[in-house]
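Residue numbering for the sequence shown is 0 to 194, as defined by numbering that gives the first Met the number 0.
No residue lacks a Cβ here, since even glycine has one placed at the ideal position from N, Cα and C.
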Amino acid sequence: MSETGIPQAGGTEQEAEWIRRIAAGDRRAFEELYAVYAKRVFRFMIRMVRDEGRAEELVNDVLVEVWKSAGRFEGRSKPSTWIFGIAHHKGLNALRGKKVQLTELDEASPIADPKEGADVAVDRATLRQRVQSVLGALSPDHRTVVELTFFHGLSYPEIAEAIGCPTGTVKTRMFHAKKRLGPLLAELAAVEDSG
Numbered sequence: 000m001s002e003t004g005i006p007q008a009g010g011t012e013q014e015a016e017w018i019r020r021i022a023a024g025d026r027r028a029f030e031e032l033y034a035v036y037a038k039r040v041f042r043f044m045i046r047m048v049r050d051e052g053r054a055e056e057l058v059n060d061v062l063v064e065v066w067k068s069a070g071r072f073e074g075r076s077k078p079s080t081w082i083f084g085i086a087h088h089k090g091l092n093a094l095r096g097k098k099v100q101l102t103e104l105d106e107a108s109p110i111a112d113p114k115e116g117a118d119v120a121v122d123r124a125t126l127r128q129r130v131q132s133v134l135g136a137l138s139p140d141h142r143t144v145v146e147l148t149f150f151h152g153l154s155y156p157e158i159a160e161a162i163g164c165p166t167g168t169v170k171t172r173m174f175h176a177k178k179r180l181g182p183l184l185a186e187l188a189a190v191e192d193s194g
């Protein structure tokens, strides 16, 4: 628990303990896991489905599935890999159920760090929005690999397990994503330098 009373991710062991307790019906463990994962899963889902309302629904769907399936978690992977695997499958199902819109990514309002000054928070929000617009240019498969690697800290084998493909496929998707992102990030840097 942090000084604010909000649970902090305690690493793989703490998260695995939460899942064991959830499997036994411990609501408090679920609340602790929810407090740590709801925002992370929301950020992943908003980038995947590009609809804030749908992303919020999917966060609840994912975490309810964690509640229902906790007894089946075998610990062969990190809890985050398992949770993001559920999120990925729920997101894919949501995308299959609706027409994909190729519109600009709607960004959730950034949550300011109380330790940051207002100008730093605005600069960070602007940079985040620009980077996410660049990520929006990637295909969903490539964006998912980048998202899980850089924003959620999963390794290639963990991503492969989460999304159900070989590790080589994850590496190939990352290669193509980086190849596509290179010119886009250079263009973004040029805009930043000229502004």
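query	result
ILE18 beta carbon less than 7 Å from that of ALA69	yes
Three CB pairs or more closer than 8 Å across the region 69 to 81 and the region 164 to 180	no
Simplified DSSP assignment, three categories, for LEU153	coil
Close beta carbons around ALA15, own chain, < 7 Å, minus the five adjacent residues each side	GLY74, PRO78
Beta-carbon separation (whole angstroms), ALA161 vs PHE83, contact threshold 8 Å	5 Å
Through-space distance from PHE29 to ILE222, alpha-carbon basis	Residue 222 falls outside the range modelled here, since the chain spans only 0 to 194, and no answer is possible.
Beta-carbon spacing of GLU157, THR80 below 7 Å	yes
Chain B contact for GLU55 (CB, 7 Å cutoff)	Given the protein chain composition of this structure (a single chain), no chain B is represented.
Same chain, Cβ closer than 7 Å to GLY90, five either side skipped, listed in chain order	MET44, MET47, VAL48, LEU57
Distance between PHE41 and HIS141 (C-alpha atoms, nearest Å)	18 Å
For ASN92, the nearest candidate out of ALA185, ASP60, LEU153 (CA to CA)	ASP60
Secondary structure of PRO78, DSSP reduced to three states	helix
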